[in-house]
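Since the structure comes first, as structure tokens, the remarks are kept for the end.
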Amino acid sequence: MAEPDELIHQPLRLKIMAGLSAALGGEPVEFSRLKSITQATDGNLGSHLAALDRAGYVMIAKDFVGKRPRTRVALTPEGRAAFRRHVAYLRELVESFGADGT
Amino acid sequence: MDISPDDAAQALSDIASARGRSRALAGYSVAGPILVIWGIIWLAAYTAMGILPAAQWGLVWVPGDAIGIVATILLSRRANRQAGIKGTTWRLLGLMALVVVFSAGLFAMVRTSDINVYFAFPGLLTGTIYTALGLWRMTRYLWVGIAVIAASLIGFFAFAAILPYWMAVVVGGGLIVSGLLFRRP
């Protein structure tokens with residue numbers, strides 16, 4: 013059976029990882045769009061992204077578009093793999109409960 | 123770490139919702155420029171319809187529609203490739219051909235002499251397609267569709283004397299504004 017990922021299994025981090033995993037072509041997602049996807053506040057989103065960045069699950073890039081600062085986030089290969097494993101674990105858990113527990 | 127099956131099911135549901143929102147927002151960022159381009163085409167072509175004699179309307183609409191179709195295909199192709207969706211070009215062309223066949227068939231059957239029907243009909247049809255798209259997948263299209271239908275009908279019934287200019291500014295301009303708003307997260 014797959015193993016759970018304690019770092020990912022937090023409601024907002026799950027949404028962050030899910031939102032990033034659905035980005036077209038794995039392209040980086042702007043902070044403002046990620047905020048809309050997760051419906052989180054700036055501070056909350058920032059602190060959870062920092063945790064995922066420290067774990068090597070996401071890559072955060074900051075630059076400027078003209079004079080406007082821009083922050084973009086993308087899953088790293090390790091992050092994508094960790095997310096897939098965690099989703100597989102969740103699915104196995106639900107399916108095994110459905111087979112044995114109902 | 124102890125996760126209950128109920129927690130797991132809720133987590134999977136949250137994941138699906140977040141992925142859906144992510145895809146929808148990505149779709150809007152692709153659709154936004156397409157709406158802006160069609161809005162500019164409508165603004166120019168309807169204005170020309172107000173100025174030029176009917177025999178010359180094709181001189182504006184044919185190249186305008188060609189530009190719009192090519193731009194739509196090119197702008198959506200990259201996004202669809204990244205999403206692993208194939209065959210979009212042919213589906214888009216097929217949809218546009220369907221619109222032409224439907225419109226031609228309808229006017230062949232109805233045979234109206236009211237020129238304003240020809241002015242307002244594209245707005246009514248486009249708004250209906252957008253509304254259907256909004257009901258099915260991308261909610262922002264719902265509001266654009268309803269607004270385009272409403273503007274077309276209001277123009278037809280309340281501003282008949284200036285309908286081509288109404289369609290240019292209100293509907294064409296509305297598409298431009300909608301396209302710009304689509305890009306917002």
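Line by line, the protein sequences give chains A and B. Using this note's numbering, you'd call the opening residue of the first sequence number 13 and step up by one each time. Using this note's numbering, you'd call the opening residue of the second sequence number 123 and step up by one each time. The C-beta atom is built at its ideal place from N, Cα and C for all residues, glycine as well.
In this structure residue 275 of chain B is not in contact with residue 264 of chain B, their Cβ atoms being roughly 17 Å apart against a cut-off of 8 Å.
Counted as a single uninterrupted DSSP element, the alpha helix (DSSP H) harbouring residue 223 of chain B occupies residues 210 to 232.
Within chain B, the residues placing a beta-carbon under 7 Å from that of residue 45 of chain A are 147 and 307, ordered along the chain. The C-beta of residue 141 of chain B comes closer than 8 Å to at least one C-beta of chain A. For a cut-off of 8 Å, the C-beta gap from residue 150 of chain B to residue 289 of chain B is around 24 Å, too long to register as a contact. Pairing residue 182 of chain B with residue 166 of chain B gives a Cβ-Cβ distance under 8 Å.
The three-state reading of DSSP puts residue 72 of chain A in strand, counting E and B together. Per DSSP, the beta bridge partners of residue 42 of chain A are A:84. Non-local C-beta neighbours of residue 202 of chain B in its own chain, meaning closer than 8 Å and more than five positions away in sequence, comprise 208 and 210, ordered along the chain.
Among the residues of chain B, none has a CB under 8 Å from the CB of residue 72 of chain A; the nearest is roughly 17 Å distant. Taken in chain order, the whole alpha helix (DSSP H) runs of length 4 or more contained in the segment 145 to 197 of chain B number zero.
Across the structure, residue 78 of chain A and residue 42 of chain A are spaced so that their CA atoms are roughly 15 Å apart. In the DSSP annotation of this structure, the continuous segment of the alpha helix (DSSP H) that includes residue 65 of chain A starts and ends at 54 to 66.
Counting C-beta pairs with one atom in each stretch, the segment 72 to 88 of chain A and the segment 125 to 133 of chain B have fewer than three that are closer than 8 Å, which means they do not touch. In the DSSP assignment, residue 266 of chain B falls within the unbroken alpha helix (DSSP H) covering 261 to 280.
The C-beta distance from residue 271 of chain B to residue 246 of chain B rounds to 6 Å, short enough to meet the 8 Å contact threshold. The C-beta of residue 96 of chain A comes no closer than 8 Å to any C-beta of chain B.
When Cβ-Cβ separations below 8 Å define contact, residue 106 of chain A makes contact with chain B.
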